[in-house]
Amino acid sequence: MAEATKTQQAPEVDPRVKSVSRARTQDHVATGILWGIAICIIVLVIATIGYIVLSGIGKALDPSFLFGKPEQFKAGGGIGPELFNSFYLLLLTLLISLPISLGGAIFLTQYAPPGRFTNIAKTAIETLSSLPSIVVGLFGMLFFVLRFGWGFSILSGALALTMFNIPILVRTIQQAIEQVPRDQRDAAVALGLTRWEATCNILLPRAMPAIITGTIISAGRVFGEAAALIYTAGQSAPALNWAAPIWSKANPLNVMRPAETLAVHIWKINSEGVVPDLVVVSAGTAAVLMICILLFNLLARVIGRALTRKMTAE
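With this note's numbering, the residue at position 184 of the sequence shown is 377, and numbering never jumps.
Next up, the structure:
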């Protein structure tokens with residue numbers, strides 16, 4: 194009877210099978226949690242962008258609001274000067290920061306020998322890239338506005354944004370160059386190219402899609418900056434006149450004039466509270482700002498993919 198009872202008992206499960214089953218269950222649970230987190234983040238981002246855009250899309254599509262001057266309308270007026278100032282500051286910032294960042298990234302990846310100096314430089318870049326923008330703005334006010342005596346001006350704001358943008362661009366370009374396959378570098382050396390020739394003819398063309406994508410994304414971040422510009426570029430938007438002399442504060446291209454950007458405009462009208470329809474004006478300005486930043490990111494993806502396909506095909 195005892196032997197028959199033993200034969201009727203279920204066979205013992207292999208511990209390895211239990212371990213595999215437990216690992217699969219844990220994997221399914223972890224995957225479900227990660228999917229839930231990702232969905233929550235996507236829903237939150239879409240809801241935020243949708244609320245901002247839908248709240249001010251009516252005002253943002255009004256040509257008189259986009260290109261008009263504040264003094265031409267009642268209440269909040271238009272955002273023509275602020276829109277021009279934002280793009281003008283962005284252009285000057287990229288003209289200053291991009292060559293410096295490109296040279297710094299090439300030096301760190303191709304010429305800087307491993308050692309204390311290189312480690313200090315990389316640590317400094319990482320530290321500067323994580324600085325709050327208001328700290329950069331305070332430094333710009335003390336250094337450019339007061340020390341150099343440039344006052345609240347586009348030049349002071351562009352240099353402050355340059356300090357804010359250079360660490361980000363250096364890291365982006367540095368990572369793009371380091372991602373170039375090692376065999377391409379070895380092939381360039383085997384062909385007798387110098388380090389500079391290999392950098393200009395092999396590394397930079399191969400890394401150009403990632404460099405352009407990172408530059409456009411950083412441009413979107415600079416375009417929406419406010420804290421650094423409050424203390425450097427100022428909070429006033431004087432009437433612009435293209436017929437005015439270049440040294441006049443009314444000339445749009447004068448880099449020594451104060452300039453209020455879109456982000457600063459949103460902060461200013463909500464902090465002062467003197468605009469009767471500030472809710473409508475701030476919603477429309479925020480929608481314009483959000484649409485511009487979305488277009489920057491979309492442009493980065495389109496240009497990056499087009500360059501990748503072109504260079505891969507060649």
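C-beta: ideal position from N, C-alpha, C; glycine also.
On a predicted model such as this, the values are computed, not experimentally measured, just so you know.
Annotated as distal: proline 374 and glutamate 319, with beta-carbon spacing of 9 Å or more.
Going by DSSP, valine 468 is part of no alpha helix (DSSP H) at all; its letter is neither H nor E. About 6 Å separates the Cβ atoms of glycine 417 and leucine 482, confirming a contact at the 8 Å cut-off. A distance below 9 Å separates the beta carbons of asparagine 444 and alanine 437. Leucine 254 and phenylalanine 260 have their C-alpha atoms spaced approximately 11 Å apart. C-alpha of valine 474 to C-alpha of leucine 285: approximately 27 Å in a straight line. Glycine 243 is classed as exposed because its beta carbon has fewer than 16 other beta carbons within 10 Å across all chains shown. Where phenylalanine 345 is concerned, there is no enclosing alpha helix (DSSP H), because DSSP gives it neither an H nor an E.
The three-state reading of DSSP puts glutamine 367 in helix, counting H, G and I together. Between serine 248 and alanine 480, the beta carbon gap of about 7 Å places them in contact (Cβ cut-off 8 Å). Non-local beta-carbon contacts of alanine 305 in its own chain, meaning distances under 6 Å to residues more than five positions away in sequence, involve Thr311 in chain order. Residue state for proline 325 is assigned as coil, using DSSP reduced to three classes. In the structure shown, the three-state DSSP call for valine 238 is helix. DSSP places threonine 406 inside the alpha helix (DSSP H), whose first and last residues are 397-416.
For the pair leucine 282 and leucine 362, the CB atoms are not nearer than the 9 Å cut-off. In this chain, the alpha helix (DSSP H) harbouring glutamine 377 covers 375-383. Separation of serine 346 and isoleucine 232 (C-alpha to C-alpha, rounded to the nearest whole angstrom) is 43 Å. Taking the Cβ atoms as the reference, leucine 348 lies roughly 6 Å from methionine 449, within the contact range of under 8 Å. As the crow flies, the alpha-carbon of valine 382 is around 16 Å from that of arginine 399. Between threonine 406 and the set Pro469, Gly477, Leu488 and Lys461, the nearest pair of CA atoms involves Leu488. Boundaries of the alpha helix (DSSP H) around glycine 297: 273-299. Secondary structure at alanine 437: coil, using DSSP grouped into helix, strand and coil. Linking glycine 344 to arginine 502 through their CA atoms gives a straight-line distance of about 47 Å.
DSSP places arginine 502 within a helical segment (H, G or I) once states are collapsed to three.
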